[in-house]
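Colleague: Can you read through this structure? Questions will come right after.
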Amino acid sequence: MNANGSLYNSEMSNIYNNSMVRFYNHVFHELADPRTKNWFLMSSPVPGASIMFSYLYFVLSWGPRHMEHRKPYKLKNTLIVYNFVQVLLSIWLFWEGLDGAWLRKYSWKCEPVDFSNSPEALRVARAVYIYFLAKLSELLDTVFFVLRKKEKQVTFLHMYHHTVMPLVGWGATKYYPGGHGTFIGK
70 MNANGSLYNS EMSNIYNNSM VRFYNHVFHE LADPRTKNWF LMSSPVPGAS IMFSYLYFVL
130 SWGPRHMEHR KPYKLKNTLI VYNFVQVLLS IWLFWEGLDG AWLRKYSWKC EPVDFSNSPE
190 ALRVARAVYI YFLAKLSELL DTVFFVLRKK EKQVTFLHMY HHTVMPLVGW GATKYYPGGH
250 GTFIGK
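For the sequence shown, the numbering used here begins at 70 and goes up steadily by one.
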C-alpha cells in the first residue's frame, strides 16, 4: 500500500463490486423461478425498466411537448381494435385462472406456488406471464391519452397504476408465478 492508501481503496472497491455482483446474481438469478427466467423480458430487470422509463419519459415529457402545437390524433379505429384485443385478453386470462387453477386443484384457503414442471403448473405460470405482458400493453392507454391530447385523464392515480402493475407482474412472473399470487389481477 502506498502513502495515500490506493491499494486499500482498490481492495475495498473490489470487495464492494464483488458483493454487488453476488447480490445481483442472487436476487435476479438464484431466487428466480427457473421455469420463467429465460422467457422474453424475464432474464434481467433492465429491459422492463427501460420500457418503464421510456413510457414515463414519453408520457410526462416528450409526448406533451411533441403534441403541444399539434392537433389531437384521431385514433377511433385504433382504439376500437386495441380495446377489443384487451377485452379478449382479459377474458382469456380470467378463463385460464379459473380453468387452469381455481376450479380444479387450487385451495381457496391458501395455495402455494407449484414450482414443478407439471402441465398444470406451467399453464398457470404462462398465464401469469401473459398477465405481465398485458400490463405492458396497457401502457398504450396513457400513450393514446397523450396523442389525443386528453391530459386531464393522465392523473397521478392513472400513472401510479400503469407504472406499478407491470412491475408487480414482472415480479410475480420472475419469482412466484402461481398460487394465491394469481389474485393480483384486475
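Glycine included, every Cβ here is placed at the ideal spot set by N, Cα and C.
(1) Please state the DSSP three-state secondary structure of residue 203.
(2) Of all the options 94, 171, 158, 197, which has the alpha carbon lying nearest to the alpha carbon of residue 112?
(3) In angstroms, rounded to a whole number, what distance separates the CA positions of residue 184 and residue 102?
(4) Cβ of residue 250 within 8 angstroms of Cβ of residue 190?
(5) Apart from the five residues just before and just after residue 214, which ones in its own chain have a Cβ nearer than 6 angstroms to its Cβ?
(6) Can you tell me the Cα-Cα spacing of residue 227 and residue 218, whole angstroms?
(7) Applying the 10 Å Cβ sphere with the 16-neighbour rule, what's the burial state of residue 138?
(8) Do residue 200 and residue 105 have their beta-carbon atoms positioned less than 8 angstroms apart in this structure?
(9) Which class does residue 255 belong to by DSSP, given the choice of helix, strand or coil?
(10) Can you name the start and end residues of the alpha helix (DSSP H) that residue 224 belongs to?
(11) Check whether the segment 141-161 and the segment 202-213 are in contact - that is, three or more C-beta pairs closer than 8 angstroms.
(12) Tell me the residue span of the alpha helix (DSSP H) that contains residue 173.
(13) Using 8 angstroms as the threshold, is the C-beta distance between residue 121 and residue 216 below it?
(14) For residue 128 and residue 212, which I take to be in contact (beta-carbon distance under 8 angstroms), what is that distance rounded to the nearest angstrom?
(15) Hey, residue 110 and residue 151: beta-carbon distance below 8 angstroms or not?
(16) Taking 8 angstroms as the cut-off, decide whether the C-beta atoms of residue 69 and residue 154 are in contact.
(17) Do you know how far the Cα of residue 96 is from the Cα of residue 88?
Modeller: Taking the structure as given:
(1) Your numbering for residue 203 matches position 134 in the sequence shown. Correct three-state label for residue 203: helix.
(2) Locating residue 112 in the sequence shown gives position 43, where the first residue counts as 1. For the residues 94, 171, 158, 197, the minimum Cα distance to residue 112 belongs to 94.
(3) As a first step, residue 184 is located in the sequence shown; it is residue number 115 there, counting from the start. As a first step, residue 102 is located in the sequence shown; it is residue number 33 there, counting from the start. Looking at the two C-alpha atoms, the distance is approximately 7 angstroms.
(4) Stepping through the sequence shown from its first residue, residue 250 is reached at position 181. Stepping through the sequence shown from its first residue, residue 190 is reached at position 121. Not closer than 8 angstroms, so no.
(5) Stepping through the sequence shown from its first residue, residue 214 is reached at position 145. Within the same chain, Cβ atoms closer than 6 angstroms to the Cβ of residue 214 are found at 222, 223, the five residues on either side in sequence being excluded.
(6) Counting from one through the sequence shown, the residue named residue 227 turns up at place 158. Counting from one through the sequence shown, the residue named residue 218 turns up at place 149. So the two alpha carbons sit approximately 15 angstroms from each other.
(7) Residue mapping note: residue 138 aligns to position 69 of the sequence shown, counting from 1. Exposed.
(8) Working through the sequence shown from its first residue, we reach residue 105 at position 36. Working through the sequence shown from its first residue, we reach residue 200 at position 131. It is not a contact, given that the beta carbons lie outside the stated cut-off.
(9) Numbered from its first residue, the sequence shown carries residue 255 at position 186. In this prediction, residue 255 scores a pLDDT of 47, lower than 50, which makes its location untrustworthy; no coordinate-derived value is stated.
(10) Locating residue 224 in the sequence shown gives position 155, counting from the first residue. The continuous stretches of alpha helix (DSSP H) do not include residue 224, and DSSP gives it neither H nor E.
(11) yes
(12) Position 104 of the sequence shown holds residue 173. Premise fails: residue 173 is in no alpha helix (DSSP H) and is neither H nor E.
(13) The residue given as residue 121 occupies position 52 in the sequence shown. The residue given as residue 216 occupies position 147 in the sequence shown. The answer is no: Cβ separation not under 8 angstroms.
(14) Walking along the sequence shown from the start, residue 128 turns up at place 59. Walking along the sequence shown from the start, residue 212 turns up at place 143. The Cβ separation is near 7 angstroms, so the contact holds.
(15) Residue mapping note: residue 110 aligns to position 41 of the sequence shown, counting from 1. Residue mapping note: residue 151 aligns to position 82 of the sequence shown, counting from 1. Not in contact: residue 110 and residue 151 (Cβ atoms no closer than 8 angstroms).
(16) A question about residue 69 goes unanswered here, because the residues of the chain that appear run from 70 up to 255.
(17) In the sequence shown, residue 88 corresponds to position 19, counting from 1. In the sequence shown, residue 96 corresponds to position 27, counting from 1. Approximately 12 angstroms, taken between the alpha carbons.
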